[in-house]
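In the UniProt record's numbering, the protein residues as written are 1 to 197. A virtual CB, placed ideally from N, CA and C, is assigned to each residue, including glycine.
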Amino acid sequence: MMSRDISKQIYSYISELDDIEEKKLTLKVDRGHKYVDRRTSVAIYFDVAFDQQSFRFTLGLVVRDVGGEILVSTTVLHSDVASPFTAEAYAGLQAIRLGISMGFSILEIVGDSRTVIKKCQTTYFDRSVIGALIRDIHSKKVHFQEIGFHFVPKTENTYTHILAKEALKMGEGHYLLGGVPGYVRRALEKSWPRLPD
């Protein structure tokens with residue numbers, strides 16, 4: 001094949017690509033069903049409650065949409081974990097897995113463990129105790145168009161913290177669409193400051 005023929009083929013291919021228009025997809029939604037646009041930014045907050053005597057922990061995950069509305073809350077009990085540090089890294093991994101299973105393409109992972117969040121933000125090979133978990137988190141980034149990891153103080157992660165703490169006390173996990181369990185709301189009400197009479 002001569003260079004002139006190759007040039008013609010390339011030109012033909014480029015002009016073909018120029019002619020292709022993006023197809024606009026439409027979605028008809030029943031008025032009775034709530035639709036969450038999976039392309040919009042969603043935040044998954046994570047936290048753990050750790051029992052040092054039994055080496056058990058409960059991870060709590062809360063999925064919030066752009067408006068701050070709770071889409072899902074879940075808790076999972078685990079045992080035989082050496083440290084709270086490892087538990088926090090595992091909770092971050094579970095947050096990403098939840099984002100993948102829910103089909104989100106843009107995701108923010110939010111937690112109050114500064115070290116875990118920083119390790120998730122870097123691309124360096126991690127040789128620490130939680131290195132394998134961090135590498136697993138990094139390997140799952142390919143499932144998203146955009147993914148970010150953000151640190152928040154514990155005071156801004158209250159729902160998730162109480163969710164994990166109360167689930168550890170009760171010894172049970174849950175998966176709830178559209179909110180948090182009643183025991184979390186009651187615990188939050190107790191923690192709010194009361195005005196004097």
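Within the same chain, show all residues whose beta-carbon is closer than 6 angstroms to that of residue i, passing over the 5 residues directly before and after it, in chain order.
| i | result |
| --- | --- |
| Ala89 | Val116, Ile130 and Leu133 |
| Ala49 | Thr58, Ala164, Lys165 and Leu168 |
| Pro84 | Phe50 |
| Tyr45 | Val62, Val110, Asn157 and Thr160 |
| Ser113 | Glu88 |
| Ile79 | This sequence places Ser at residue 79; Ile is not what is there. Cβ neighbours of Ser79 beyond the five flanking positions: Arg56. |
| residue 202 | The structure shown has nothing for residue 202, since the chain only spans 1 to 197. |
Can you give me the Cβ contacts of residue i inside the same chain, cut-off strictly under 8 angstroms, excluding the 5 residues immediately before and after it?
| i | result |
| --- | --- |
| Glu21 | Below a pLDDT of 50, predicted positions are generally treated as unreliable, and Glu21, at 44, falls in that range; no measurement from the model is reported. |
| Ser183 | A small correction: the amino acid at residue 183 is Tyr; Ser does not occupy that position in the sequence shown. Excluding sequence neighbours, Tyr183 sits near Glu166 and Met170. |
Check the DSSP bridge columns for residue i and list the partner residues they point to.
| i | result |
| --- | --- |
| Thr58 | Ala49 and Leu77 |
| Ala43 | Arg64 and Glu108 |
| Leu177 | Val72 |
Compare the C-alpha of residue i against each of the options and name the closest.
| i | options | result |
| --- | --- | --- |
| Val42 | Thr122, Asp5, Ile106 and Ala82 | Ile106 |
| Ile137 | Gly179, Leu98 and Tyr175 | Leu98 |
| Val81 | Gln52, Asp47 and Asp126 | Gln52 |
| Pro175 | Val72, Gly68 and Phe144 | Note that residue 175 is Tyr in the sequence shown, not Pro. When each option's Cα is compared against that of Tyr175, the closest is Val72. |
| Ser128 | Lys154, Ile162, Thr86 and Phe55 | Thr86 |
| Glu108 | Phe151, Asp126, Ala187 and Arg135 | Phe151 |
| Thr155 | Ser3, Asp47, Arg4 and Asp5 | Asp47 |
| Cys120 | Ile147, Ile70 and Ile6 | Ile147 |
Subject >> the stretch 90-104 in contact with the stretch 52-69 per 3-pair CB rule at 8 angstroms >> reply: Flag = yes, the stretch 90-104 and the stretch 52-69 touch.
**OP:** Please go through the stretch 65-120 and give each complete alpha helix (DSSP H) segment of 4 or more residues, from N-terminal end onward.
**Re:** Counting whole runs of 4 or more residues, the stretch 65-120 contains the alpha helix (DSSP H) stretches 84-101.
**OP:** Would you mind listing the alpha helix (DSSP H) stretches within the stretch 116-154 that are 4+ residues and don't spill past its ends, in chain order?
**Re:** You should have 131-139.
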